[in-house]
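A.B. asks: Starting off with a structure, shown below.
Now the structure itself:
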């Protein structure tokens with residue numbers, strides 16, 4: 005059984021329950037808290053999961069001391085970051101095993117999401133389902149980026165509360181935990197540009213037009229030429245260009261992105277207030293989505309930072325208009341159609357995840373939890389999972405990526 009698909013189905017069931025409990029807000033909140041606990045638990049009990057454990061585990065076992073890391077940062081494997089290396093060393097010094105390190109990362113992430121989702125008034129379980137289905141890979145397997153996303157979301161929350169000292173600290177941590185964090189921290193500059201201004205509906209309509217344009221006009225060649233002239237480290241430029249190569253002309257996710265942009269554009273016509281930091285960062289995130297739509301691999305890296313904030317902004321925008329009883333022509337129909345498109349895509353995405361596992365020679369997401377240690381030795385389970393990750397990377401992933409290059 006595919007453990008990821010199991011979690012996604014559970015999340016979607018909780019999300020659908022929000023539409024059955026609209027007349028009982030108290031019951032709806034209770035279901036959300038139950039969903040948050042269950043989904044956090046399911047993500048936390050995973051044991052030695054993901055393709056990247058082939059790199060993570062050996063490094064964690066032999067991680068140098070903090071003083072050695074600071075004195076010789078070049079000795080860190082090129083695909084790992086200094087911040088993550090120091091985090092591993094601190095965990096190691098505290099006597100934390102690799103499993104508990106991954107569990108702590110999951111708990112930090114979902115704790116941060118719980119703080120953020122307090123700003124959604126209703127249908128939080130639906131919001132959680134969207135987040136989990138669309139970003140399961142970041143939560144489940146990319147430990148470094150999951151830490152970076154956690155710090156980024158906390159940074160925005162501190163921005164909202166004007167705690168600028170913590171904003172600076174969390175911005176640095178975001179950049180140190182993952183290479184992509186160094187780029188999204190630049191959103192603070194863009195945030196300063198749009199912070200005091202109302203983003204007009206026509207801007208979102210323009211983003212929708214850009215999304216359609218990018219659907220027809222690949223930008224990889226132009227981007228690669230531009231990136232090569234940026235004053236950034238060579239390994240950063242190489243990573244970006246690699247991600248841009250893995251593009252697709254058509255993505256099923258296009259309909260969902262278009263629905264979200266249309267919904268925000270339509271409802272923002274009738275509301276002039278904003279959520280400050282979250283609205284600004286959500287806008288920048290939507291711009292990234294529109295421009296990088298075709299380059300799904302790079303988009304997965306970037307959107308993980310913005311997705312939770314876009315969800316909160318979109319839900320808050322629509323629900324605030326409903327609470328203020330502002331008349332929106334065909335507003336209910338537009339909202340329902342957008343929800344339907346999102347739900348259909350979530351189901352389709354889950355189906356693709358299941359089909360992908362069936363087509364793989366080595367299913368790295370087959371159920372394996374900490375409870376497997378009841379009947380098996382930890383060393384045997386770890387060895388089996390590491391071998392499976394190695395074979396999946398060599399015989400499934402690399403072949404699959406070659407098929408997607410410039411497709």
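In the working numbering, the protein residues as written are 5 to 411. No residue lacks a Cβ here, since even glycine has one placed at the ideal position from N, Cα and C. Computed from a predicted model, the values in this text were never measured in an experiment.
How is residue 410 classed by DSSP in three states: helix, strand or coil?
C.D. replies: Here the question's residue 410 lines up with position 406 in the chain shown. For residue 410, the predicted model reports a pLDDT of 40, less than 50, meaning its position is unreliable and no value from the coordinates is stated.
A.B. asks: Between the C-alpha atoms of residue 178 and residue 152, what's the straight-line distance to the nearest angstrom?
C.D. replies: For the purposes of this step, residue 178 is identified with residue 174 of the chain shown, where counting begins at 1. For the purposes of this step, residue 152 is identified with residue 148 of the chain shown, where counting begins at 1. Approximately 4 Å between the Cα atoms of the pair.
A.B. asks: So, helix, strand or coil for residue 6, using DSSP?
C.D. replies: By 1-based counting over the chain shown, the position of residue 6 is 2. Residue 6: strand per DSSP, three-state reduction.
A.B. asks: Keeping to the same chain, check which residues put their C-beta closer than 6 Å to that of residue 297; ignore five residues upstream and five downstream.
C.D. replies: The residue labelled residue 297 in the question sits at position 293 within the chain shown. Counting only Cβ-Cβ distances below 6 Å, and skipping sequence neighbours, we find 215 and 218.
A.B. asks: Based on Cα-Cα distance, which residue from 337, 339, 282 and 161 lies nearest to residue 314?
C.D. replies: Taking the chain shown and counting its residues from 1, one reaches residue 314 at position 310. Considering only alpha carbons, the answer is 282.
A.B. asks: Since residue 50 sits in a beta bridge, which residues does DSSP pair it with?
C.D. replies: Mapped onto the chain shown, residue 50 falls at position 46. Looking at the DSSP assignment, residue 50 forms a beta bridge with 373.
A.B. asks: Contact check, residue 211 vs residue 291 under 8 Å by CB: the rounded distance?
C.D. replies: As a position in the chain shown, residue 211 is number 207, starting the count at 1. As a position in the chain shown, residue 291 is number 287, starting the count at 1. Indeed, because the Cβ distance is near 6 Å, the residues count as touching under 8 Å.
A.B. asks: Would you call residue 182 buried or exposed, if buried means 16 or more other Cβ atoms sit within 10 Å of its Cβ?
C.D. replies: Position 178 of the chain shown holds residue 182. Label assigned to residue 182: buried.
A.B. asks: Taking only the alpha-carbon atoms, compute the straight-line gap between residue 325 and residue 134 and give it to the nearest angstrom.
C.D. replies: Within the chain shown, the letter at position 321 stands for residue 325. Within the chain shown, the letter at position 130 stands for residue 134. Spanning the two alpha carbons is a distance of roughly 21 Å.
A.B. asks: Reducing DSSP to helix, strand and coil, say where residue 11 ends up.
C.D. replies: To locate residue 11, count along the chain shown from 1; it is residue 7. Helix.
A.B. asks: Quick check: the Cα distance between residue 213 and residue 357, rounded to an integer number of angstroms?
C.D. replies: In the chain shown, residue 213 corresponds to position 209, counting from 1. In the chain shown, residue 357 corresponds to position 353, counting from 1. Their Cα atoms are separated by approximately 29 Å.
A.B. asks: Enumerate in chain order the residues of its own chain whose CB-to-CB distance from residue 110 is below 6 Å, with the five nearest sequence positions on each side excluded.
C.D. replies: Taking the chain shown and counting its residues from 1, the one referred to as residue 110 is at position 106. Taken in chain order, the residues that qualify are 47 and 48.
A.B. asks: Quick one: grab the DSSP three-state call for residue 414.
C.D. replies: Any question about residue 414 goes unanswered here, given that the chain covers just 5 to 411.
A.B. asks: Are the C-beta atoms of residue 325 and some chain C residue less than 8 Å apart?
C.D. replies: You won't find chain C in this structure, because it holds only one protein chain.
A.B. asks: Spatial neighbours of residue 191 within its chain, please: C-beta separation below 7 Å, excluding the five flanking residues on both sides.
C.D. replies: Here residue 191 is taken as the residue at index 187 of the chain shown, counted from 1. So the qualifying residues of the chain are 285 and 288.
A.B. asks: With the cut-off set at 8 Å, would you say residue 92 and residue 63 are in Cβ contact?
C.D. replies: Your numbering for residue 92 matches position 88 in the chain shown. Your numbering for residue 63 matches position 59 in the chain shown. In this structure, residue 63 lies closer than 8 Å to residue 92 by Cβ.
A.B. asks: In chain order, what residues of the same chain lie with their CB nearer than 6 Å to the CB of residue 319, ignoring the 5 residues before and after it?
C.D. replies: On the chain shown, position 315 is the one that residue 319 refers to. Only 124 and 131 meet the Cβ criterion.
A.B. asks: Counting pairs of beta carbons, one from the region 377-392 and one from the region 112-120, are three or more of them closer than 8 Å?
C.D. replies: With the cut-off at 8 Å, the region 377-392 and the region 112-120 do not touch.
A.B. asks: Excluding the 5 residues preceding and the 5 following residue 163 in the sequence, name in chain order all residues of the same chain whose CB lies nearer than 6 Å to its CB.
C.D. replies: Position 159 of the chain shown holds residue 163. If we look at residue 163 and ignore the five residues flanking it on each side, its Cβ neighbours are 171 and 281.
A.B. asks: Quick one: what's got a C-beta closer than 6 Å to residue 139's C-beta in the same chain, skipping five residues either side?
C.D. replies: On the chain shown, position 135 is the one that residue 139 refers to. Excluding positions up to five away in sequence, the list reads 308 and 311.
A.B. asks: Answer yes or no: do residue 332 and residue 266 have a C-beta to C-beta separation smaller than 8 Å?
C.D. replies: The residue given as residue 332 occupies position 328 in the chain shown. The residue given as residue 266 occupies position 262 in the chain shown. The answer is no: Cβ separation not under 8 Å.
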